[in-house]
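Asker:
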Amino acid sequence: MDKEIRLRFAPSPTGPFHIGGARSALFNWLLARKTGGKLVLRIEDTDLERSSRESEENIMNALRWLGLNWDEGVDIGGNYGPYRQTERLNLYKQYTERLLAEGKAYYCYCTDEELEAERQELAARSQMPRYMGKCRSLTKEQTASYERAGRKPTVRFKVPAGRQIVVNDLVRGDVVFESDGIGDFVIVKSDGIPTYNYAVVIDDALMRITHVIRAEEHLSNTPRQCLVYDALGFARPVFGHISLILGKDRTKMSKRHGATSVEQYRRLGYSPKGIVNFLALLGWAPNSEQEIFTIEELVKAFSMEHVAKNPAVFDIDKLNWINQHYMRQMSEEEFFEAAKPHMIEKGCMTGQEDGEKLAWLKKVVYTSKEHVAYAAQIPSAVAMYFDDDFDFENEQASAVLTEESVPTVMKMLFEQLSHMESIDAANVKGVFKHIQKTTKLGGKSVFMPIRVALTGNQHGPELTEIIPLLGLERTIARIRRSLEKAGVMSL
RNA sequence: GGCCCCAUGGUCAAGUGGUUAAGACGCUGCCCUCUCAAGGCGGAGUCAGGGGUUCAAUUCCCCUUGGGGCUACCA
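Just remember that our numbering sits 340 ahead of the position in the first sequence, which is counted from 1.
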């Protein structure tokens with residue numbers, strides 16, 4: 341029981357859920373599922389200004405959408421709650437009082453201006469800007485006078501001098517820091533809210549977290565946290581700092597690198613399976629050469645030992661490639677559901693269709709299955725089925741219709757079509773065969789003019805797929821229109 | 001500036017004191033094919049630089065360079 345592995349994912353609900361956060365969550369989740377441990381979802385909302393219930397919900401929704409569940413958290417409770425930091429204020433207070441009483445922390449009355457001046461001065465002497473301990477030993481009189489002046493103090497942690505702090509990290513090994521490089525840091529803000537570096541320690545300790553797996557940006561803060569663990573007599577957890585996800589230019593992923601939030605990818609119609617698969621491969625590699633993983637397979641294969649130390653660039657091409665696999669796995673029904681919002685947005689449908697029209701839409705949409713990486717690409721992939729008033733894509737395309745054999749081919753095609761009662765891939769194929777046979781023309785001379793006349797385009801799906809979907813009438817109308825437009829002939 | 005982390009092709013990456021240095025994405029050639037895509041078969045492309053240690057370094061150590069993070073009453 342006491343050997344049970346307990347992990348946590350502790351996001352700040354301060355904005356859209358970042359893709360990097362999703363990866364941290366995923367790694368924690370994988371480790372928890374792999375080891376049969378527990379995963380705690382804790383909300384770190386001590387930044388009152390920026391935190392909101394709305395982004396808290398967004399984060400949880402995104403997590404659920406990705407298929408990452410948790411065993412304890414704000415919404416489901418657990419034995420170590422509450423799971424929202426602003427609801428744990430009394431807990432922090434007890435420890436702060438203890439630290440104060442033991443002389444391990446002290447009140448600091450410095451104003452922003454004073455602190456800023458200190459930083460400036462240190463910077464001017466090209467020294468590391470850090471708090472020099474001005475309020476470390478205030479007399480009763482000084483304290484009283486500050487209080488009379490109405491100053492609200494912060495609480496600072498007294499950083500012991502001359503100590504080495506060794507952070508044992510699962511992915512980086514032992515990382516050594518000198519306590520002298522760290523100034524006395526604020527653990528409780530003047531409004532009584534604890535800071536991140538302080539609250540996180542008390543929470544992780546009280547929630548019995550055994551492994552703290554988080555992004556590398558927290559590594560430099562870890563020695564501070566270790567100091568707090570030690571001062572409070574808590575055992576330190578095992579740390580594991582996973583590298584950051586970078587944009588193409590190798591700087592931290594930000595808005596200018598395109599979509600950075602899980603929500604954005606969701607809206608573009610990426611599959612959660614694709615995102616999870618891709619994220620897992622960013623900073624982790626399996627023993628095998630496998631690239632496509634279900635989440636269950638990831639659980640089996642995952643290991644912290646194979647987590648890379650170096651930061652990884654977010655490669656959208658690879659995400660697209662992976663996601664394409666998942667698009668192809670979809671049934672016609674699933675694929676249609678994925679396409680629907682995008683089709684509606686582009687005006688290709690209203691969402692109210694039923695009967696034959698709906699069935700037709702499903703078939704049309706499904707033709708793009710092999711061709712798209714994510715659902716937002718579907719409308720343009722099937723645009724040709726909707727636009728009867730297309731233009732030729734370029735002169736090369738219209739030139740195809742001026743080839744010598746075109747009138748013969750078209751006449752024959754029309755004649756064949758006029759005899760048809762129903763139209764499907766098989767009999768369309770038969771028509772083409774017949775034309776080829778009797779005219780002795782190569783496939784290209786038969787197909788390409790028909791393709792261009794039908795779609796205005798030299799590229800696209802198989803004609804045997806397009807024609808049945810357009811139906812006899814539209815097929816004839818389109819070809820007739822194109823031939824007239826190109827001035828070739830009228831039929 | 002100080003402290004810390006990181007460094008194998010364009011990208012994700014495997015790997016080892018002696019290897020022809022995997023694989024995938026992307027790029028590219030060929031095949032298939034009316035076309036595109038897919039698919040199949042190929043190709044180009046990497047150990048950042050400099051010093052050590054060693055019989056032997058991509059691998060171990062140091063330095064440089066580059067990138068990143070932290071240095072907040074943000075997390």
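Ideal Cβ placement from N, Cα and C applies to all residues, glycine included.
#1: Which residues in the same chain as Lys686 place their Cβ atom closer than 6 Å to its Cβ, once the five residues preceding and following it in sequence are excluded?
#2: Could you name the residues of the same chain whose beta carbon sits closer than 7 Å to that of Pro577, not counting the 5 residues immediately before and after it, in chain order?
#3: Count the other CB atoms, across all protein chains shown, that sit within 10 Å of the CB of Ala575; report buried if there are 16 or more and exposed otherwise.
#4: List the endpoints of the continuous alpha helix (DSSP H) containing Gly614.
#5: Please look up how many angstroms separate the CB atoms of Leu431 and Leu546, rounded, as I've assumed it's under 8 Å.
#6: So if DSSP puts Asp509 in a beta bridge, which residue, or which two residues, is it bridged to?
#7: With Cys566 as the anchor, note down where its alpha helix (DSSP H) starts and where it stops.
#8: Quick check: is any heavy atom of the ligand NAD less than 7 Å from the C-beta of Ala457?
#9: Assign Leu378 to one of three DSSP states: helix, strand, or coil.
#10: Would you mind working out which of Glu733, Ala826, Leu809, Ser785 sits nearest Gly796, comparing C-alpha positions?
#11: Measuring CA to CA, which of Ser601, Asn663, Val653, Arg607 is closest to Glu631?
#12: Please identify the residue among Val712, Leu698, Glu696, Ala716 whose C-alpha is closest to the C-alpha of Pro681.
#13: Who pairs with Arg424 in a beta bridge, going by DSSP?
#14: Which same chain residues, not among the five before or five after Leu586, have their C-beta less than 8 Å away from its C-beta?
#15: Assuming Thr436 contacts Val511 (C-beta within less than 8 Å), just tell me the rounded distance between them.
#16: Taking the alpha helix (DSSP H) that Arg818 falls in, what are its first and last residues?
#17: Pick out whichever of Glu396, Asp452, Gly407, Ala402 has its Cα sitting closest to the Cα of Ser601.
#18: What residue from Asn627, Ile399, Ala765 has the CA that sits closest to Arg363's CA?
#19: Should Ile359 be labelled buried (16 or more other beta-carbon atoms within 10 Å of its own) or exposed?
#20: State the beta-bridge partners of Phe349 as determined by DSSP.
#21: Between the alpha carbons of Pro808 and Asp764, how many angstroms are there, rounded?
#22: According to DSSP, Leu586 sits in a beta bridge with which residue or residues?
#23: Helix, strand or coil for Ile416? Go by DSSP, reduced to three states.
#24: How about Gly407 and Val616: are their beta carbons less than 8 Å apart?
#25: Rank Met670, Lys595, Glu384 by C-alpha distance to the C-alpha of Tyr536 and give the top, closest one.
#26: Is the beta carbon of His711 closer than 8 Å to that of Ala723?
#27: List the endpoints of the continuous alpha helix (DSSP H) containing Ile775.
#28: Distance, Cα to Cα, Val647 vs Ser822?
#29: In terms of residue numbering, what span does the beta strand (DSSP E) encompassing Thr494 cover?
#30: Mind checking whether Glu344 and Lys374 have CB atoms under 8 Å apart?
#31: Quick check: the Cα distance between Ser530 and Tyr447, rounded to an integer number of angstroms?
#32: Going by CA-CA distance only, name the one from Tyr449, Ser745, Glu556, Leu619 that's closest to Leu584.
#33: Sort out for me which residues DSSP pairs Trp624 with in a bridge.
Answerer: Reading it off the structure:
#1: Residue mapping note: residue 686 aligns to position 346 of the first sequence, counting from 1. Counting only Cβ-Cβ distances below 6 Å, and skipping sequence neighbours, we find Pro719.
#2: Counting from one through the first sequence, the residue named residue 577 turns up at place 237. The residues are Asp544, Ile549, Thr550, His551, Val552.
#3: Position 235 of the first sequence holds residue 575. With fewer than 16 Cβ atoms within 10 Å of its Cβ, Ala575 is classed as exposed.
#4: Sequence index remark: in the first sequence, residue 614 carries index 274 (1-based). For Gly614, the enclosing alpha helix (DSSP H) starts and ends at 612-620.
#5: The sequence position of residue 431 within the first sequence is 91, counting from 1. The sequence position of residue 546 within the first sequence is 206, counting from 1. Indeed, because the Cβ distance is near 7 Å, the residues count as touching under 8 Å.
#6: One-based indexing of the first sequence puts residue 509 at position 169. Gly513, Phe579, per the DSSP bridge assignment.
#7: Within the first sequence, residue 566 is the residue found at index 226, counting from 1. In this chain, the alpha helix (DSSP H) harbouring Cys566 covers 562-572.
#8: For the ligand NAD, the structure offers nothing, since it holds no ligand at all.
#9: The residue labelled residue 378 in the question sits at position 38 within the first sequence. It should be pointed out that residue 378 corresponds to Lys in this sequence rather than to Leu. Residue state, collapsed to three classes: strand.
#10: Along the first sequence, one-based indexing puts residue 796 at 456. If we check each option's Cα against that of Gly796, Glu733 comes out closest.
#11: On the first sequence, position 291 is the one that residue 631 refers to. Among Ser601, Asn663, Val653, Arg607, the Cα nearest to that of Glu631 is on Asn663.
#12: Stepping through the first sequence from its first residue, residue 681 is reached at position 341. Just measuring C-alpha positions, the residue of Val712, Leu698, Glu696, Ala716 sitting nearest Pro681 is Ala716.
#13: One-based indexing of the first sequence puts residue 424 at position 84. Arg424 is bridged to Ile383.
#14: For the purposes of this step, residue 586 is taken as the residue at position 246 of the first sequence. Around Leu586: Lys592, Met593, Pro651, Ala652, Val653, Phe654.
#15: Here the question's residue 436 lines up with position 96 in the first sequence. Here the question's residue 511 lines up with position 171 in the first sequence. Contact flag wrong, Cβ pair sits at about 32 Å.
#16: Position 478 of the first sequence, counting from 1, holds the residue named residue 818. First-last of the alpha helix (DSSP H) with Arg818: 803-825.
#17: Position 261 of the first sequence, counted from the start, is the residue given in the question as residue 601. Ranked by Cα distance from Ser601, the first of Glu396, Asp452, Gly407, Ala402 is Ala402.
#18: The count along the first sequence starts at 1 and reaches residue 363 at position 23. From the listed residues Asn627, Ile399, Ala765, the smallest Cα separation to Arg363 is found for Ile399.
#19: Taking the first sequence and counting its residues from 1, the one referred to as residue 359 is at position 19. By the 16-neighbour rule on beta-carbons within 10 angstroms, Ile359 is buried.
#20: As a first step, residue 349 is located in the first sequence; it is residue number 9 there, counting from the start. Answer is Leu381.
#21: The residue you call residue 808 lines up with position 468 of the first sequence. The residue you call residue 764 lines up with position 424 of the first sequence. Just so you know, the alpha carbons of Pro808 and Asp764 end up roughly 5 Å apart.
#22: Here residue 586 corresponds to residue number 246 of the first sequence, with the count starting at 1. Per DSSP, the beta bridge partners of Leu586 are Lys592, Val653.
#23: One-based indexing of the first sequence puts residue 416 at position 76. Coil.
#24: Locating residue 407 in the first sequence gives position 67, where the first residue counts as 1. Locating residue 616 in the first sequence gives position 276, where the first residue counts as 1. Yes, these two residues count as a Cβ contact at 8 Å.
#25: Within the first sequence, numbered from 1, the residue matching residue 536 stands at position 196. Relative to the Cα of Tyr536, the nearest Cα in the group Met670, Lys595, Glu384 belongs to Glu384.
#26: As a first step, residue 723 must be located in the first sequence, where it is residue number 383. As a first step, residue 711 must be located in the first sequence, where it is residue number 371. At least 8 Å separates the beta-carbon of Ala723 from that of His711.
#27: Taking the first residue of the first sequence as position 1, residue 775 is located at position 435. 765-779 is the extent of the alpha helix (DSSP H) around Ile775.
#28: Position 307 of the first sequence, counted from the start, is the residue given in the question as residue 647. Position 482 of the first sequence, counted from the start, is the residue given in the question as residue 822. Rounded to whole angstroms, the gap between the alpha carbons of Val647 and Ser822 is 58 Å.
#29: Locating residue 494 in the first sequence gives position 154, counting from the first residue. Element bounds for Thr494: 494-497.
#30: As a working note, residue 344 is residue 4 in the first sequence. As a working note, residue 374 is residue 34 in the first sequence. Judged by beta-carbon spacing, Lys374 lies beyond the 8 Å limit of Glu344, meaning their Cβ atoms are not closer than that value.
#31: Stepping through the first sequence from its first residue, residue 530 is reached at position 190. Stepping through the first sequence from its first residue, residue 447 is reached at position 107. Straight through space, the alpha carbons of Tyr447 and Ser530 are spaced by roughly 10 Å.
#32: Along the first sequence, read from residue 1 onward, the residue named residue 584 stands at position 244. Closest in alpha carbon position to Leu584, among Tyr449, Ser745, Glu556, Leu619, is Glu556.
#33: For the purposes of this step, residue 624 is taken as the residue at position 284 of the first sequence. In the DSSP output, where bridge partners are listed per residue, Trp624 has Val647.
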